[in-house]
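Here's the structure we're looking at; comments come further down.
Numbering (my numbering), first residue to last: 97 to 361.
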């Protein structure tokens, strides 16, 4: 195993070209909290990060940038579109892909030094994006007479929000001190949990897509997301609701499992 890892890590060392740097990749689970948890599922995805170990206070501080992406829902359903200006109902298969992206600036403080297991605390801030891509499958043999088709069959609903957070984690050294004395970069398992907070944010409720045509209840708090359609016979342009939009304070727990590679300590 080490015979395979050593050339890879030495290559990464040359690519990064500098000391006090670290690079990492992680699996990330973004679990909604609060009222947001009633409407959307957890997002599963990946992140990458690049950090710099600040050469003060025994090199215990690391500042890093992290970029991540994940999906919190995917659904394919058949929907019927009909309105007062279109007498003939039209059925289309509609694909929904919900994504959650983020870009963060992190500051980590390692409580212990030169141990097999290193606990740490961190703070973070940056930007969070929640969005839904909707693709409506339109086939020529479906269209005719008084039916309607979307003006665009591939549309995206996207909202961004500034976020902040805090948390803690563990770094577990995977190599021995003897390995690192030979010039092999530090390789660590990274386990962490982060509490993410943000302001009110709009997003699509994937759990209610099958009820998209149903008016909201009194306490529902949602609104329609409609896109333009056109009648193939009269060219009349009108709107159809394809999803419902909810608004909640952004609250998440981010769980992270990854690998960090440090060039030096």
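Note that beta-carbon positions come from the ideal geometry of N, C-alpha and C, so glycine has one too.
Neighbourhood of residue i by C-beta, 6 Å cutoff - its chain only, sequence neighbours within 5 removed
i	result
residue 351	125, 289
residue 298	255, 341, 343
residue 170	193
residue 307	Here residue 307 scores only 46 on pLDDT, less than 50, and its place in the model is too uncertain to base an answer on.
residue 204	158, 216, 218
residue 131	344
residue 365	Nothing in the structure corresponds to residue 365, since the chain is present only between 97 and 361.
residue 229	193, 252
Beta bridge counterpart(s) of residue i as assigned by DSSP
i	result
residue 336	323
residue 245	326
residue 173	190
residue 345	296
residue 135	DSSP, once it has assigned bridges, lists no residue as partnering residue 135.
residue 201	161, 221
residue 356	120, 284
residue 166	141, 196
Sub-7 Å separation of residue i and residue j beta-carbons
i	j	result
residue 200	residue 225	no
residue 202	residue 218	yes
residue 300	residue 253	yes
residue 355	residue 120	yes
residue 197	residue 231	no
residue 212	residue 257	no
residue 248	residue 186	no
Span of the beta strand (DSSP E) around residue i
i	result
residue 215	213–233
residue 255	250–269
residue 125	117–128
residue 293	282–300
residue 147	139–150
8 Å Cβ shell around residue i - same chain, five flanking residues per side excluded
i	result
residue 116	148, 149, 150, 151, 155, 359, 360
residue 264	215, 216, 217, 218, 288, 289
residue 314	Residue placement at residue 314 is poorly supported in this model, since its pLDDT is 43, which falls under 50; the coordinates still yield a value, given next. Closer than 8 Å at the Cβ level, and outside the excluded window around residue 314, lies no residue.
residue 295	257, 258, 345, 346
7 Å Cβ shell around residue i - same chain, five flanking residues per side excluded
i	result
residue 129	347, 348, 349
residue 140	125, 166, 167
### Task
Would you check if there are 3 or more beta carbon pairs closer than 8 Å linking the region 160–168 to the region 141–152?
Segments in contact, yes.
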